[in-house]
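What follows is a set of notes on a single structure, which appears directly below.
Number of protein chains: 2
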Amino acid sequence: MQAKETLQAHIAKTISLTNEQFDYFFSHFKPQSFKKGQVIIAAGDKVDGEYFVLDGCLKSFYINDDLKMFILQFAMPTWWASDYNALYSNAKATINLDCITDAEVLCLSNDDREKLCNEIHQVEHFFRWRTNKGYVASQKRLLSFMNNDAKHRYEELLAQYPALYNIVPKHLIAAYLGVSRETLSRLYHS
Amino acid sequence: MQAKETLQAHIAKTISLTNEQFDYFFSHFKPQSFKKGQVIIAAGDKVDGEYFVLDGCLKSFYINDDLKMFILQFAMPTWWASDYNALYSNAKATINLDCITDAEVLCLSNDDREKLCNEIHQVEHFFRWRTNKGYVASQKRLLSFMNNDAKHRYEELLAQYPALYNIVPKHLIAAYLGVSRETLSRLYHS
DNA sequence: TTTCAAATGTGATGTAGGTCACGTAAGTTC
DNA sequence: GAACTTACGTGACCTACATCACATTTGAAA
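Following this line, the structure appears as structure tokens:
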């Protein structure tokens, strides 16, 4: 599927725009191609926009003072990713975003999103619902963190995103689950 | 401050409504009073709306199969609380909401919020930003969970909400931090 | 095809925090 | 004020997981 159709199908799940409106909406997105390992946002950068994934897999992650990596999100096709804290508050990035595989994305700048939200009520509705869902998912993950042990969280993750198992190296899965790669290795060899 | 002015001041931080618009907006909120310990939403309930806190302190929490409590949020004045997963997807509550102290709240039903968002573009903007901020805060808490030990998280919490220390019993603080009450007790006696 | 780096497996050992058990203190209710 | 309940403190012990060290496998690059 082409970029435009992919985004249109995604949007159409939440709102209905006329073709004219959608063309206008779409005209604000910049297609970008990245190679495996390429960095899209690095901590310290000014964050210019957010990214809608068409193809491939991104990860957003935090690196602490001990250089330990914590993965916030794996972004698969039709997912959105950015450093939203930095983006919304116009601050420097504290979160990194890079490519686990080669990737095709559409980039939407913060200014353009706000402009579009302002011009087209339905678009604001779309972005409200996108964040609503993200918020609920984030709370669920937090609860799972407090409630469940690593093995449980591992099985939960694979049940929800079986595709990850083949695409993503195990040490990144560990960094998402918040356990060491050694512990993760022991978990599924028993 | 009266209920109306409190909500108006809160809203005005994000959007500007005419007095007429705000009166209309406000007319959809139902004032409710609760006593300390009273339950607002219990797991299994149908969730009818969300709650804007005027006075007092609520907690939203999950109880697992072992009857262990995990606190998602302490809701102080001008905070919003509900079981948003249930509310947005019209499902039965899995999260509980009750009163740590006597409380005054304004209740807004899901239907009315959606109606208001639809009728007044600015209102949709307000709720988009409210969730945006909630999402970012939730991600930060998740990161803190993965990154920091209990002592660090305890100090972080008190630095951010010093008021909690006096209002909220320690075992609830522990349930927010995701540690046992015994461990929390040992943390601040050393 | 060789070479090097990244990813993974696995043993030994350390530790933060859980659980259990029991105590005291402080509010609540009658 | 007595009787209860709820909050809090603290010792003894246990467990999930981290860390370190090193071996092995896989994959990319040259």
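So the protein lines, in turn, are chains A and Y.
Per my numbering, residue 79 is the first one in the first sequence, and the count goes up by one each step.
Per my numbering, residue 79 is the first one in the second sequence, and the count goes up by one each step.
Virtual Cβ for every residue (Gly too), placed ideally from N, Cα, C.
Quick one: grab the DSSP three-state call for residue i.
i      : result
A/C177 : strand
A/C135 : coil
Y/L220 : helix
A/K124 : strand
Y/G80  : Reading the sequence as shown, one finds Gln at residue 80 of chain Y and not Gly. If DSSP states are grouped into helix, strand and coil, Y/Q80 belongs with coil.
Y/Y254 : helix
A/I93  : coil
A/Q151 : strand
Y/Y232 : helix
A/L186 : strand
A/V214 : helix
A/V117 : strand
A/S167 : helix
A/A146 : According to the sequence as given, residue 146 of chain A is Lys; it is not Ala. Here A/K146 sits in coil by DSSP.
Y/S111 : strand
Y/W158 : strand
Y/I141 : strand
A/Y266 : coil
Y/Y129 : strand
Y/H106 : coil
Just to make sure I have the definition right: I need the residues of chain Y whose C-beta is within less than 7 Å of the C-beta of residue i. Which are they?
i      : result
A/R231 : Those do not exist, as A/R231 stays about 11 Å from chain Y at its closest Cβ, beyond 7 Å.
Residues of chain A with a CB under 8 Å from the CB of residue i: which are they?
i      : result
Y/F223 : L220, F223, M224 and G256
Y/S216 : Y213, S216, Q217 and L220
Which residues in chain A sit within 7 Å of residue i, going by Cβ to Cβ distance?
i      : result
Y/T209 : R206, T209, N210 and Y213
Y/Q238 : Chain A residues near Y/Q238: none, gap ~15 Å exceeds 7 Å.
Name the chain A residues that come within less than 9 Å of residue i, Cβ to Cβ?
i      : result
Y/L202 : Checking the sequence, you will find Glu at residue 202 of chain Y rather than Leu. Within 9 Å Cβ-Cβ: C195, H199, E202, H203 and R206.
Y/S187 : Going along chain A, no residue has its Cβ under 9 Å from Y/S187, so there is no contact; the nearest lies around 16 Å.
Do residue i and residue j have their CB atoms nearer than 8 Å?
i      : j      : result
A/E83  : A/G134 : no
Y/F139 : Y/L85  : no
A/Q110 : A/C185 : yes
Y/A159 : Y/E128 : yes
A/L194 : A/H106 : yes
Y/L255 : Y/L235 : yes
Y/A253 : Y/M147 : yes
Y/Y166 : A/V125 : no
A/Q238 : A/I93  : no
Y/S222 : A/S216 : no
A/R231 : Y/L220 : no
A/N142 : Y/N225 : yes
Checklist entry - Within the chosen definition, does the stretch 170–187 of chain Y reach the stretch 253–267 of chain A through at least 3 CB pairs nearer than 8 Å? => result Below 8 Å, too few C-beta pairs join the stretch 170–187 of chain Y and the stretch 253–267 of chain A to call them touching: fewer than three.
Item to check | Short-range partners of chain A found in the stretch 152–177 of chain Y, where Cβ spacing is below 7 Å | outcome: For the stretch 152–177 of chain Y, the residues whose beta carbon sits under 7 Å from a beta carbon of chain A are, in order, Y162, N163 and Y166.
Checklist entry - Closer than 7 Å, Cβ to any Cβ of chain Y: which residues of the stretch 123–155 of chain A, in chain order? => result Those residues of the stretch 123–155 of chain A that come within reach of chain Y (Cβ to Cβ, closer than 7 Å) are Y140, N142, F148 and L150.
Checklist entry - Using a Cβ cut-off of 8 Å, which residues of the stretch 90–108 of chain A contact any Cβ in chain Y, in chain order? => result Residues passing the 8 Å Cβ filter: none.
Next on the checklist: So, does the stretch 114–127 of chain Y touch the stretch 163–175 of chain Y, judging by three or more C-beta pairs under 8 Å?
Outcome noted: Contact holds: three or more Cβ-Cβ distances are below 8 Å.
Checklist entry - Does the stretch 202–213 of chain Y come close enough to the stretch 199–215 of chain A that 3 or more CB-CB pairs lie under 8 Å? => result Contact between the stretch 199–215 of chain A and the stretch 202–213 of chain Y is present, because at least three Cβ pairs lie under 8 Å.
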